[in-house]
Amino acid sequence: MSPELKSLVVNVAYLLSAVMFIFGLKRLTKVRTARRGNAIAALAMFVAVAATLVDMGLVDYRWILIGIVVGGAIGGVAAMRVPMTSMPELVAVFNGFGGGASTLVAMSVVWLDVIEPGKQGTLAHVLNKDGSGGAVAITIALSVLIGAVTLTGSVVAYLKLAEKI
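For the sequence shown, the working numbering gives the first residue as 397, with consecutive numbering after it.
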């Protein structure tokens, strides 16, 4: 696939996933259409992740399939076993997983680009590969901060909803 075609396919996939997210969220506003909205939003996330992997050249279909199967199994079992009265706690836990994932991804960038190579200097200096003037370092710092706050807040929300604190 030529670079121009690859770029076009990736951009169309991103646009498609954004539109699907909008329609999925719109359908989540009514009980009658919420199940379909959730499915549309899940498919949108799959399209966005697949487009990102294709764009980065990291397409190993075995890992994608393993991730879908494991994540779907964990989410499906959790959703089926938890009683409806405990759904707020489950939502808090899943939200915390998202925040924790954001933090881990940002910290892995720091590890791979700064710590492991043993580079000297500030994060802004080391991560200024493309002349962004420290924007990458700010983005990473915000990802760690917001992800950690989300994780912590979700743990507190779970504990309060479960009446453990």
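Cβ atoms here follow ideal geometry from the backbone N, Cα and C, with glycine treated the same way.
Sixteen is the threshold: since fewer than 16 other Cβ atoms of the shown chains lie within 10 Å of the Cβ of T481, the residue is exposed.
Using a Cβ distance threshold of 8 angstroms, S413 and V443 count as a contacting pair. Counting along the chain, the unbroken alpha helix (DSSP H) around V415 starts and ends at 399-423. Below 8 angstroms, too few C-beta pairs join the region 534-544 and the region 473-490 to call them touching: fewer than three. Excluding sequence positions up to five before and after L547, its CB lies within less than 6 angstroms of the CB of G492, G495, G496, all in the same chain and listed in chain order. Taking a 10 Å sphere around the C-beta of V510, we find 16 or more other C-beta atoms and assign the residue as buried.
With contacts defined by Cβ atoms closer than 8 angstroms, G420 and A437 form a contacting pair.
A440 and V540 have their C-alpha atoms roughly 25 angstroms apart.
By the neighbour-count criterion, in which a residue is buried when 16 or more other Cβ atoms sit within 10 angstroms of its Cβ, T425 is exposed. Only residues of its own chain outside the window of five on either side were considered, and among them V552, L555 have a CB closer than 8 angstroms to the CB of I561, listed in chain order. Collapsing the DSSP output to three states places K560 in coil. The Cβ atoms of I542 and S504 lie no closer than 8 angstroms to each other. Sorting A430, M476, S403 by C-alpha distance to the C-alpha of T448 places S403 at the top.
DSSP, reduced to helix, strand and coil, places G543 within a helical segment of the structure shown.
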